[in-house]
Structure formats: C-alpha cells, structure tokens
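To keep things clear, I will list the structure first and then write my remarks on it.
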Amino acid sequence: MPTGSLAGQVALVTGAGRGIGREIAIGLAAEGMAVGLVGRNHATLVDTLRQCVRHGARGVAVSADVTRPGAVREAVRAVQRDLGPVDLLVNNAGQVDREEVPVWETDPNQWWQVVETNLRGPYNLLRSVLPGMVERGGGRVVNLNSGFALRPDGRYTAYATSKGALLQLSDNIADSLAAHHVVVLDISPGAVQTEMTAGMPMFRDMKAWGSIPYMVAVTVDAARGRFDALHGRFIHAGRDNLEELVDRAEQIRESDARTLRLRPYGEDDPMD
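Reminder that position 228 of the sequence shown reads as 228 in full-length UniProt numbering, one-by-one numbering, no gaps.
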C-alpha cells in the first residue's frame, strides 16, 4: 500500500501523457496519491501510468479530448469508478499558437482551438469534478497558468487571451467555492523546457530554463494544502518566494492582490 504524504487521496491530471503533466502525475504518485491520467494519446498515458505504478500507486489512463464535454464526463466517471472521488484536479492540458504572427494573420481554426483547449478544457473538468467536491465539502484545483495571463503579447494572442480568461474564471468561482472549502489556485511554472515551448521561437535562445521538478514539488505542496490561504490567487512558481507569499496571504487577500483588476488612472477615475 502507498505510504506517502498523500496516501489515500485521488488526483486527476489532464495532459498527463507528456511534459509537465506527466511529471506532476508521477510526482503525486510518488507521494502515495492514486492518479487518474487524462489526455488524447492513450499510448503516452499508459507509459505515464507505468511510471506511477512503479511507486506503488493505483492509477487509470483514460483517453479524452478535454474540449469535448461528453468525453470529459465519461473520463471523470471512469476515474471515480476505478479510484474514488477526486481530491485534486490538475488542469494542465494546453496548447499554444502555432506561429508568432499578429492576430490578423492567424489561422482562425487553430487560434480558436488554443482557446478551447486552454479555457473550455478546464471548464469542462471543473463542471464534472466540482459537484463532487462541493458535496463532500472539500477539494483542491490547480490550474496550470502562465505569465502570459498578466501581460499583453501580440505574438501569442490565443494563448495569452485564454490564460488570462482562465485566471479570471478562477477569480469568479473562488468565493462560491470557499463556502464549500474547495480551493482553486492558478500556478505558473515559468518558462520550462517542454515539447510545447521548444516550438516557440521566443524561447529558441533561452539559456536558463525553469525547473519542472520544482513545479512538481509546488503541486505536491498544493495538494498538501500549503497554499490554501492563497485561494483564488495567482502564483508564479518560477519567480515567487513561496514562503513570503504564504506569510503574506492575509495581506494579499485584504489588498485584493494577485488577481486581474482594472487599474484606475487616478482617484477621480469612476472605475476606482
């Protein structure tokens, strides 16, 4: 039987067949969590599952396109049937713009596919997983976000728009989830070397990549409840001093920081 710090709990990780999602799933399994692996490629999911099982963890691999509500509902049912109720949802599956071009030169279908994967995908998972968490009175959600959510970028308009919308979604549901002791966090891993970032021209000359193992450790800590006081907030694992963030959580809440807000231009701004 698994004996790690998260033994007895169940995680569902999307995009678990490769990159950050794969490593997060394996890291959670190493801490004793049962892991539901969801993604489009069954072969890569099975390979991740083998690595998780080596840690003594229970697991199940389910092929599903996160943009399709029916497929997501069936995937969540399969995970819960085989492993039990989901304690931690990790929305990791994502896509990025295929080319660095202004919006008027983008491929409309590919642009919308990015938005669907990065925003509709997490929504579909939330819609299927949250009812159980709310009914049980507890659970945690980690949305893999990005610094692109916080600043405009004319080269990756679909990615930046979708990540900003995902952060806003978390902000909008935070208060209602708090009443049911369900925590939602948006965590950016920073620029880490994956198959996705390898295809982004802006990172071709990158010398110092962020650490995927560190992001895994941060997710494990989130599953343990280390960041619960930062519910509804944005965490940049690649830049933040996490101890300081936790220590200043009350101040962050009181000042309504680490959320997307319209900045007033002055004291007489009617939007202030």
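Even glycine gets a Cβ: it sits at the ideal position worked out from N, Cα and C.
Who does residue i pair with in a DSSP beta bridge?
i	result
Ile187	Leu144 and Ile235
Leu89	Leu12 and Val141
Val182	Gly139
Could you tell me the boundaries of the beta strand (DSSP E) in which residue i lies?
i	result
Glu34	The sequence shown places Ala at residue 34, not Glu. That run of the beta strand (DSSP E) goes Ala34 to Gly39.
Ser63	Gly59 to Ser63
Over the uninterrupted alpha helix (DSSP H) stretch that includes residue i, give me the two end residues.
i	result
Thr157	Thr157 to Ala178
Glu135	Gly121 to Arg136
Met215	Ile212 to Arg224
Asp269	Element bounds for Asp269: n/a, residue is neither H nor E.
Val96	Per DSSP, Val96 belongs to no alpha helix (DSSP H) and is neither H nor E.
His55	Where His55 is concerned, there is no enclosing alpha helix (DSSP H), given that its DSSP letter is neither H nor E.
residue 273	Outside the shown range of the chain (1 to 272) lies residue 273, about which nothing can therefore be said.
Glu243	Leu242 to Asp247
Gly4	Taken as a continuous stretch (DSSP letters only), Gly4 belongs to no alpha helix (DSSP H), as it is neither H nor E.
Ala149	Note, Ala149: premise wrong, no alpha helix (DSSP H); not H, not E.
Arg81	Pro69 to Leu83
Ala25	Gly19 to Ala30
Suppose the cutoff is 6 angstroms on Cβ atoms and the five residues either side in sequence are ignored; what does the same chain contact list for residue i look like?
i	result
Leu260	Leu167 and Gln168
Val115	Ala158 and Ser162
Ser63	His42
Gln110	Arg98
Val218	Ala237
Gly121	Val66, Thr67 and Ala93
Ala149	Lys163, Gly164 and Leu167
Arg40	Asp65
Between which residues of its own chain and residue i is the CB-CB distance below 8 angstroms, once the five residues before and five after are set aside?
i	result
Leu230	Leu185, Leu245, Val246, Ala249, Ile252 and Arg258
Pro152	Ala160
His180	Met133, Val134, Gly137 and Gly138
Trp112	Ala158
Mind checking whether residue i and residue j have CB atoms under 8 angstroms apart?
i	j	result
Val60	Gly21	no
Val86	Leu6	no
Val129	Leu177	no
Ser188	Ser146	yes
Ala75	Val134	no
Gly232	Asp269	no
Gly164	Ala93	no
Val72	Asn124	yes
Gly138	Val182	yes
Pro27	Val216	As written in the sequence, residue 27 is Gly, which differs from the Pro given in the question. Yes, they are a contact pair.
Ala222	Arg136	no
Val10	Leu126	no
Thr44	Gly8	no
Ala25	Cys52	yes
Tyr156	Val96	yes
Leu144	Asn91	yes
Could one say the Cβ of residue i lies closer than 8 angstroms to chain B's Cβ atoms, at least one of them?
i	result
Tyr156	Of the chains in the structure shown, none is chain B; there is only one protein chain.
Excluding the 5 residues flanking residue i on each side, which residues of the same chain have their C-beta closer than 7 angstroms to its C-beta?
i	result
Ala57	Pro2, Ala29, Gly32, Met33, Ala34 and Val35
Ala174	Val184, His231 and Gly232
Asp228	Val183
Gly4	Ala30, Glu31 and Gly32
Met271	Leu262 and Pro264
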